[in-house]
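Quick note: the sequence shown uses the working numbering, first residue 3, plus one each step. Working notes, structure below.
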Amino acid sequence: MATLLRCTLRAAIAHPVLTPSTRTLPSFHPSPCFTPFRTLNPTPFLQRTLHTSPTLQMTLNQVRRGKRKPHRQSKPRSPQLLQCPQRRAVCGKIFSEVKPKKPNSAKRKVARVKLTTGRSVMAYIMGEGHNLQEHSVVLVRGGRTQDLPGVRYKIVRGALDLNGVPNRQTSRSKYGGMCVRYRMGMADRLCREETEEAVDG
């Protein structure tokens with residue numbers, strides 16, 4: 003009896019019976035060309051926190067209904083500045099009688115300027131009066147003029163060769179205007195200096 007048990011144990015060890023719990027499948031390593039897209043290095047922003055599989059951007063039903071439309075990248079309103087707030091430019095031809103769109107009626111002042119990038123644009127001259135001539139150096143910023151088609155740039159008043167608007171009371175910072183009290187103080191100081199020079203002379 004003992005001999006029979008020994009033989010049975012030896013046979014079981016030499017040839018084990020594969021049960022569903024102990025059965026192992028041969029290892030299979032698929033080649034990269036047959037690997038699904040989801041198993042190929044999922045990107046961090048597509049990977050979920052509690053799951054290893056990446057998530058889809060939207061479901062098929064959402065695609066069918068037209069939901070989750072991708073946000074379009076906004077176009078720059080001043081593309082010729084090349085993502086700069088201002089650019090230096092040289093004045094070319096100056097137009098003093100440009101007519102705006104209906105229903106407005108006026109004579110707008112516009113200058114064709116050549117930027118430091120080598121591109122030429124039309125820029126609006128703000129305020130009343132200006133001292134610009136051909137070959138004047140100005141500072142150009144972005145900003146469209148509502149009633150002038152194609153004019154998407156403005157010349158900064160009070161910078162470089164362009165003077166500010168004199169006697170401007172409101173929005174002086176936009177038009178390069180000087181403070182009234184500061185201007186009066188400068189006039190008083192000049193008068194004092196002139197009187198002192200006259201007394202000394």
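Yeah, the Cβ is synthetic: ideal placement off N, Cα and C, and Gly gets one too.
Would you decide whether residue i is buried or exposed? Buried here means 16 or more other CB atoms lie within 10 Å of its CB.
i: PHE30; result: Note that PHE30 has pLDDT 48, beneath the 50 cutoff, so the model's placement of it is unreliable and the number below is only indicative. Exposed is the call here.
i: LYS71; result: exposed
i: ALA125; result: buried
i: THR147; result: buried
i: LYS111; result: buried
i: SER107; result: exposed
i: ALA91; result: buried
i: LYS104; result: exposed
Among residues of its own chain, excluding the 5 on either side of residue i, which ones have a beta-carbon nearer than 8 Å to its beta-carbon?
i: GLY94; result: ALA113, ARG114, VAL115, LYS116, SER122, GLU136
i: GLN85; result: PRO78
Check residue i in the structure and name its three-state DSSP category.
i: SER175; result: helix
i: VAL153; result: coil
i: CYS193; result: helix
i: VAL201; result: helix
i: VAL100; result: strand
i: ARG12; result: helix
i: ARG67; result: helix
Residue i and residue j look like a contact to me (Cβ under 8 Å); what is the Cβ gap, rounded to whole Å?
i: VAL142; j: GLN88; result: 6 Å
i: PRO100; j: LEU150; result: The residue you asked about is not Pro; residue 100 is Val in the sequence shown. Confirmed, about 6 Å.
i: GLU130; j: VAL167; result: 6 Å
i: ARG191; j: GLY179; result: The pair is not a contact, with the Cβ atoms about 19 Å apart (cut-off 8 Å).
i: GLY144; j: ARG79; result: 6 Å
Report the partner residues of residue i according to the DSSP bridge assignment.
i: GLY144; result: TYR155
i: SER122; result: LYS116
i: GLN88; result: ARG143
Between which residues of its own chain and residue i is the CB-CB distance below 6 Å, once the five residues before and five after are set aside?
i: ASN165; result: ASN133
Ordered along the chain, which non-local residues of its own chain (more than five positions away) have a Cβ less than 7 Å from that of residue i?
i: PRO102; result: ALA108, ARG110, ASP149, LEU150
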